[in-house]
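Using the working numbering, you'd call the opening residue of the sequence shown number 29 and step up by one each time.
Cβ atoms here follow ideal geometry from the backbone N, Cα and C, with glycine treated the same way.
Taking it in order: structure first as structure tokens, then the write-up.
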Amino acid sequence: MHRFFIFLLVLALSVWIGVKMTLDPGYMLITWHQLALEMPLWLVILILVIIFVLIYYLIRLFKFLFMLPKRWRQSLDRKRLQKTIALDDQRLFSVLYQKPQNWHHILEILPQLENKPWISKNQIQQLQQESYEGLLSEEKYTYDLSTLETIWNNLPPRLKKDPQLLNFYIRGLVRHHEDAKAESLIIKQLKKQWFGPLVSTYSLIKSTNPTRQLAITEKWLKKHPDDPYLLLSLGRLCRQRRLWGKARDYLEKNLIYDSSNSETYLELGELFESLEEPLQALIWFKKGLTKK
């Protein structure tokens, strides 16, 4: 609407100027030696306006031509930069999605991802967690105790509090026969926070006092009677102590709450092997294979 009013104002002003020029057009006289040039005042104003416009656009044209090489160089620089960024992104993608994944390489490139618009901070943190899970859980990365300890010590403080990562670390300790340290860490953590997989790992420890180990696990059953990890752990410990009846009861009860864990079927197969019932053992081993 305001444009329409401006148009009306310009139109009215033009009409007023036209009327004034008609009533009193005025003139301009230019003399040069014997020459004399007389013209209406409005024509002089029109010529001056045209000259001003021409000079303005000539200046802009010269400025454009003068800046053209610089703009061309800037355009080339932008294209080079875009190509470099694209190649860098391609390299990062290849590291993130290569099969099998190299967790060390992924951790190395995480700082480079922080300024990338195509990945969020939460996704970077998730990648960091997955990488440490891979390093701690895959035996090829923790082939000796010192390597395992180095990986664990390099974890950020917030990840050391994660029970899943702690469980992978403790399983590594068990593989390297650090049973006493593993047992201490599990009991300490479970006092703070209950976490089923840690309870399952507890039964993998070769304790110096297996009777006490079984007693501690049975004590947990009072507070967590339906925990499938705890039932698996109790079944495994009872089987190791040759308590066949209790082992079978715990393992079969475990299947009521979690029928997808292949470890339970493996334990039942080994239990029936110990009872010298190979056909029954074979049935359980076959069921376990279908759950993997």
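- I79 and F92 have their C-alpha atoms some 20 Å from each other.
- The segment 100-108 makes no contact with the segment 121-128, as fewer than three CB pairs between them are under 8 Å.
- Around the Cβ of P68, a 10 Å sphere holds fewer than 16 other Cβ atoms; the residue is exposed.
- Under DSSP, the beta-bridge partners assigned to L63 are W60.
- Judged by DSSP in its simplified three-state form, E280 adopts helix.
- Listed in chain order, the beta strand (DSSP E) runs fully inside the segment 294-318 amount to none, counting runs of at least 3 residues.
- Nearest in C-alpha terms to G224, of all of I244, I215, P256, H204, is P256.
- Excluding the 5 residues flanking it on each side, D286 has same chain C-beta neighbours closer than 6 Å at P256, in chain order.
- Per the coordinates, the alpha-carbon of K234 lies some 19 Å from the alpha-carbon of Q217.
- The closest CA to that of G162, considering only H61, I179, F300, T112, is found on I179.
- In terms of Cβ geometry, R270 and S231 do not form a close pair [threshold 8 Å].
- The beta carbons of R267 and E298 sit closer together than 8 Å.
- N182 counts as exposed, since fewer than 16 other C-beta atoms from the protein chains shown sit within 10 angstroms of its C-beta.
- Distance from the CA atom of K107 to the CA atom of N150, rounded to whole angstroms, is 31 Å.
- The Cβ atoms of I214 and T236 lie no closer than 8 Å to each other.
- Taking a C-beta distance under 8 Å as the contact criterion, L262 and L283 do not qualify as a contact pair.
- The segment 205-236 contains no complete beta strand (DSSP E) run of 3 or more residues.
- Under the DSSP assignment, Q192 falls in the alpha helix (DSSP H) whose first and last residues are 191-203.
- If you check the CB distance, L138 and I152 come in under 8 Å.
- L296 and N289 have their C-alpha atoms roughly 12 Å apart.
- For a cut-off of 8 Å, the C-beta gap from Y169 to W131 is around 7 Å, short enough to register as a contact.
- The alpha carbon of D190 has as its nearest neighbour, out of K251, L36, L226, L259, the alpha carbon of L226.
- Remark: C-beta atoms of G316 and Y293 approach each other more closely than 8 Å.
- Of the candidates K247, L187, Q129, L187 places its Cα closest to the Cα of Q157.
- With 16 or more other Cβ atoms from the protein chains shown falling within 10 Å of its own Cβ, R199 counts as buried.
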